[in-house]
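Trainee:
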Amino acid sequence: MENDYSNIAKQAAIKFEKLLISQLERAEKIKTSQQPIDYLSLPTIRIGICGGDGIGPIISAEAESVLRYLLSSQIASGKVELVTIEGLTIENRIACGQSIPDGVLDEIKSCHVILKGPTTTPQAGDGILNLESANVRMRKELDLYANVRPVKSESQGIDWTFFRENTEGAYTLGSEGIDVTEDLAIDFAVTTNPGTERIARLAYSFAEREGKERVSIVTKANVVKATDGKFLNICRQVASEYPHIQTDEWYIDILAAKLIDEKRRTSFKVLVLPNLYGDIITDEAAEFQGGVGTAGSANIGDRYAMFEAIHGSAPRMVAEGRQQYADPSSILRAAAMLCSHIGFLEESGKLNSALDYCMNELPEAIVTGRPGGATCSEFGAYLKQALAQGR
Ligand code: IPM
Ligand code: MG
Numbered sequence: 003m004e005n006d007y008s009n010i011a012k013q014a015a016i017k018f019e020k021l022l023i024s025q026l027e028r029a030e031k032i033k034t035s036q037q038p039i040d041y042l043s044l045p046t047i048r049i050g051i052c053g054g055d056g057i058g059p060i061i062s063a064e065a066e067s068v069l070r071y072l073l074s075s076q077i078a079s080g081k082v083e084l085v086t087i088e089g090l091t092i093e094n095r096i097a098c099g100q101s102i103p104d105g106v107l108d109e110i111k112s113c114h115v116i117l118k119g120p121t122t123t124p125q126a127g128d129g130i131l132n133l134e135s136a137n138v139r140m141r142k143e144l145d146l147y148a149n150v151r152p153v154k155s156e157s158q159g160i161d162w163t164f165f166r167e168n169t170e171g172a173y174t175l176g177s178e179g180i181d182v183t184e185d186l187a188i189d190f191a192v193t194t195n196p197g198t199e200r201i202a203r204l205a206y207s208f209a210e211r212e213g214k215e216r217v218s219i220v221t222k223a224n225v226v227k228a229t230d231g232k233f234l235n236i237c238r239q240v241a242s243e244y245p246h247i248q249t250d251e252w253y254i255d256i257l258a259a260k261l262i263d264e265k266r267r268t269s270f271k272v273l274v275l276p277n278l279y280g281d282i283i284t285d286e287a288a289e290f291q292g293g294v295g296t297a298g299s300a301n302i303g304d305r306y307a308m309f310e311a312i313h314g315s316a317p318r319m320v321a322e323g324r325q326q327y328a329d330p331s332s333i334l335r336a337a338a339m340l341c342s343h344i345g346f347l348e349e350s351g352k353l354n355s356a357l358d359y360c361m362n363e364l365p366e367a368i369v370t371g372r373p374g375g376a377t378c379s380e381f382g383a384y385l386k387q388a389l390a391q392g393r
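According to this note's numbering, the sequence shown is numbered sequentially starting from 3.
1) By a C-beta neighbour count over all protein chains shown, 10 Å radius and 16 as the cutoff for buried, is Lys-118 buried or exposed?
2) Which residue marks the beginning of the alpha helix (DSSP H) containing Glu-380, and which one marks its end?
3) Which residues in the same chain have their Cβ closer than 6 Å to the Cβ of Glu-349, if we skip the five residues on either side of it in sequence?
4) Which residues does DSSP list as the beta-bridge partners of Asn-301?
5) Using C-beta distances below 8 Å, list every residue in its chain close to Ser-375, excluding the 5 sequence neighbours before and after it, in chain order.
6) How long is the line joining the alpha carbons of Arg-200 and Tyr-147, rounded to whole angstroms?
7) In the DSSP output, what is Ile-47 paired with across the bridge?
8) Among Arg-393, Met-140, Ser-218, Ala-65, which one has its Cα closest to the Cα of Ala-337?
9) Please report the straight-line C-alpha distance between Glu-93 and Arg-393, rounded to a whole angstrom.
10) In chain order, what residues of the same chain lie with their CB nearer than 6 Å to the CB of Gly-50, ignoring the 5 residues before and after it?
11) From the DSSP output, read off the bridge partner residues of Arg-216.
12) For Pro-373, which residues of its own chain have a beta-carbon under 8 Å away from its beta-carbon, when the five flanking residues on both sides are left out?
13) Please report the straight-line C-alpha distance between Glu-380 and Ala-258, rounded to a whole angstrom.
14) Looking only at its own chain, which residues have a Cβ that is under 7 Å from the Cβ of Asn-168, when we skip the five neighbours before and after it?
15) Collect the residues with a C-beta less than 6 Å away from any heavy atom of ligand 2 and give them in sequence order along the chain.
16) Does the beta-carbon of Val-138, which I'm using as the reference point, lie nearer than 7 Å to any heavy atom of ligand 1?
17) In terms of residue numbering, what span does the beta strand (DSSP E) encompassing Ile-160 cover?
18) Three Cβ pairs or more, each shorter than 8 Å: is that satisfied between the region 205 to 217 and the region 172 to 183?
19) Check for me: the beta strand (DSSP E) holding Ile-116 runs from which residue to which?
20) Using the C-alpha atoms, what's the distance from Val-68 back to Ser-332?
21) Under 8 Å by Cβ, that's how I've got Thr-296 and Met-361 pegged, so tell me the actual separation to the nearest angstrom.
22) Would you kindly check if the distance between the Cβ of Pro-330 and the Cβ of Gly-382 is under 8 Å?
23) With 16 as the cutoff for other CB atoms within 10 Å, does Ala-11 come out buried or exposed?
24) On the DSSP bridge assignment, give the partners of Ile-256 in chain order.
25) Can you tell me the Cα-Cα spacing of Thr-163 and Glu-243, whole angstroms?
26) Is the region 308 to 319 touching the region 263 to 280, taking contact as three or more C-beta pairs under 8 Å?
27) Please confirm whether Tyr-2 and Ala-390 have their CB atoms less than 8 Å apart.
28) One question on the structure: do Glu-210 and Ile-247 come within less than 8 Å of each other, judged by their Cβ atoms?
29) By DSSP, does Val-274 sit in helix, in strand, or in coil?
30) Is the Cβ-Cβ distance between Pro-38 and Asp-250 less than 8 Å?
31) Would you check whether ligand 1 has a heavy atom nearer than 7 Å to the C-beta of Gly-314?
32) What does the Cβ neighbour count give for Asp-6, buried or exposed, with the cut at 16 atoms within 10 Å?
33) Are at least three pairs of beta-carbons, each pair with one atom in the region 275 to 292 and one in the region 119 to 134, less than 8 Å apart?
34) Skipping 5 residues on each side, what residues in its chain have a beta carbon closer than 6 Å to that of Gly-53?
35) Restricting to Cα atoms, I'd like to know which of Asn-354, Ile-344, Val-220 is closest to Leu-334.
36) Starting from the C-beta of Ala-14, find all residues in its chain whose C-beta is less than 6 Å away, skip the five residues before and the five after it, and write them out in chain order.
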């Protein structure tokens, strides 16, 4: 038996060795990363729009139409080009056997920034090819290391910005865990110094630029000692360069609790956290401003950036024939983040204000996901009206 175990372990170790080499190479590559791109100096900024699956094509088409309206003068002058990218559908991904088919990836890479509808992510037991998530693939392929997710609710005094590390943690090798035997499966989490340093720097420089007095580092370093321990230590080092910003440390479990503590939650401002915790906590956080349907998400790298709705493709809505009632506000918030990222701050501000107005002050524009609420395209029409009226 002991001999058997030893052979089984040796087989697994061969796979592990390959993973280690890939991660050592990745860490080295991060160190040679380029300077962030200066969009306004580009002759043309190419914005790619990927529809995705389920309700994706409906909400993305609405977002595209709003962007065409909002950026009409930049499009007319050739400063901005909107490119529709087909083929990022679950059917095509399964047919090609690739999370992002090569041709689609080439088109994506020919753009500077991407606006992406939700894409269906298979899981074990679904009866379809268990492909890696298209989001996760894109984040890795384009090295989109920061997932920036703002959550705001003025009436509740909430103004949080989450800096979720986006290429490491449980996600890096999430599709490359090892089924060692029928009884034993092992997954891996990854933390690198340069990978942590770059997200921490982004969070602190954001806090400084935006005048936020506090950054919270969130881990479970008391239990997950190597990877979360490293994440915490590297964040602390970056924090020491910003003595005028208050830094505090939280474990993810108690942070999840404190976000629903009315007296404590308003004091959180900027939060920096590893990938999986960031995934979970930003869904919780989005509930305070009306749910995942209302929150945008920016995936930022040095060369590329991708903006998306925070929610999934809602196959249930499609199965029940309610897709026309899908709420486009999450992808529209993402579109506002996109505008601001490429330097169109005024347009971004206008879009956010018009969204605030339609979501909070225009009852007929409220999207409920069901008949009785506004449809996706009705919401888009109200939004354009609000933009035209300078709301
Ligand atoms: C998100 C989503 C993705 C993630 C899924 C679709 C893979 O939940 O963007 O938060 O886990 O990152
Ligand atoms: Mg998520």
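Heads up, the beta-carbon is just placed ideally off N, CA and C, and yes, glycines get one too.
Mentor: A quick look at the data gives this:
1) The sequence position of residue 118 within the sequence shown is 116, counting from 1. Per the 10 Å Cβ criterion, buried.
2) Reading the sequence shown from its first residue, position 378 is the one you call residue 380. Glu-380 -> alpha helix (DSSP H) spans 378 to 390.
3) Mapped onto the sequence shown, residue 349 falls at position 347. Hits under 6 Å: Leu-72, Cys-341.
4) For the purposes of this step, residue 301 is identified with residue 299 of the sequence shown, where counting begins at 1. According to DSSP, Asn-301 bridges with Asn-149, Met-308.
5) Translated into positions along the sequence shown, residue 375 becomes position 373. First, the residue type needs correcting, since residue 375 is Gly and not Ser in the sequence shown. Cβ neighbours of Gly-375 beyond the five flanking positions: Tyr-327, Ile-368, Val-369.
6) Taking the sequence shown and counting its residues from 1, one reaches residue 200 at position 198. Taking the sequence shown and counting its residues from 1, one reaches residue 147 at position 145. Using only the alpha carbons, I get a separation of about 8 Å.
7) Taking the sequence shown and counting its residues from 1, one reaches residue 47 at position 45. According to DSSP, Ile-47 bridges with Val-82.
8) Sequence index remark: in the sequence shown, residue 337 carries index 335 (1-based). Checked all of Arg-393, Met-140, Ser-218, Ala-65; the closest Cα to Ala-337 is Ala-65.
9) Translated into the one-based positions of the sequence shown, residue 93 becomes position 91. Translated into the one-based positions of the sequence shown, residue 393 becomes position 391. So the alpha carbons of these two residues sit roughly 40 Å apart.
10) Looking up residue 50 in the sequence shown gives position 48. If we look at Gly-50 and ignore the five residues flanking it on each side, its Cβ neighbours are Val-85, Ile-87, Ile-110, Cys-113, Ile-116.
11) Numbered from 1 along the sequence shown, position 214 holds the residue referred to as residue 216. Note: Arg-216 sits in a beta bridge opposite Gln-248.
12) Residue 373 sits at position 371 when you count from the first residue of the sequence shown. These residues qualify, in order along the chain: Arg-324, Tyr-327.
13) On the sequence shown, residue 380 is found 378 positions in, with the first residue counted as 1. On the sequence shown, residue 258 is found 256 positions in, with the first residue counted as 1. For Glu-380 and Ala-258, the distance between alpha carbons rounds to 36 Å.
14) Translated into the one-based positions of the sequence shown, residue 168 becomes position 166. Cβ neighbours of Asn-168 beyond the five flanking positions: Arg-141, Leu-146, Tyr-147, Ala-148, Asn-149, Asn-277, Asn-301.
15) Asp-281, Asp-285
16) If you number the sequence shown from 1, residue 138 lands on position 136. Indeed, a heavy atom of ligand 1 lies less than 7 Å from the Cβ.
17) For the purposes of this step, residue 160 is taken as the residue at position 158 of the sequence shown. Residues 160 to 167.
18) no
19) Position 114 of the sequence shown holds residue 116. Ile-116 -> beta strand (DSSP E) spans 115 to 118.
20) Here residue 332 refers to the residue found at position 330 when the sequence shown is read from its first residue. Here residue 68 refers to the residue found at position 66 when the sequence shown is read from its first residue. For Ser-332 and Val-68, the distance between alpha carbons rounds to 13 Å.
21) Residue 296 sits at position 294 when you count from the first residue of the sequence shown. Residue 361 sits at position 359 when you count from the first residue of the sequence shown. About 7 Å; that satisfies the 8 Å criterion.
22) The residue given as residue 382 occupies position 380 in the sequence shown. The residue given as residue 330 occupies position 328 in the sequence shown. Cβ atoms of Gly-382 and Pro-330: closer than 8 Å.
23) Working through the sequence shown from its first residue, we reach residue 11 at position 9. Exposed: under 16 other Cβ atoms inside 10 Å.
24) Counted from its first residue, the sequence shown places residue 256 at position 254. None, per the DSSP bridge assignment.
25) Stepping through the sequence shown from its first residue, residue 163 is reached at position 161. Stepping through the sequence shown from its first residue, residue 243 is reached at position 241. Looking at the two C-alpha atoms, the distance is approximately 20 Å.
26) Here the region 308 to 319 does not lie against the region 263 to 280, with fewer than 3 beta-carbon pairs under 8 Å apart.
27) For residue 2 there is no data in the structure shown, the boundaries of the chain being 3 and 393.
28) If you number the sequence shown from 1, residue 210 lands on position 208. If you number the sequence shown from 1, residue 247 lands on position 245. Against a cut-off of 8 Å, the Cβ pair of Ile-247 and Glu-210 comes out as a contact.
29) Working through the sequence shown from its first residue, we reach residue 274 at position 272. Val-274 falls in the strand class under three-state DSSP.
30) Working through the sequence shown from its first residue, we reach residue 38 at position 36. Working through the sequence shown from its first residue, we reach residue 250 at position 248. No.
31) Taking the sequence shown and counting its residues from 1, the one referred to as residue 314 is at position 312. It does: the Cβ of Gly-314 is within 7 Å (strictly closer) of some heavy atom of ligand 1.
32) Position 4 of the sequence shown holds residue 6. Asp-6 should be labelled exposed.
33) no
34) Along the sequence shown, read from residue 1 onward, the residue named residue 53 stands at position 51. Excluding residues within five positions, the ones whose Cβ falls inside 6 Å are Pro-59, Ser-62, Gly-119.
35) By 1-based counting over the sequence shown, the position of residue 334 is 332. Closest by alpha carbon: Asn-354.
36) Along the sequence shown, read from residue 1 onward, the residue named residue 14 stands at position 12. Here the set comprises Ile-180, Val-182.
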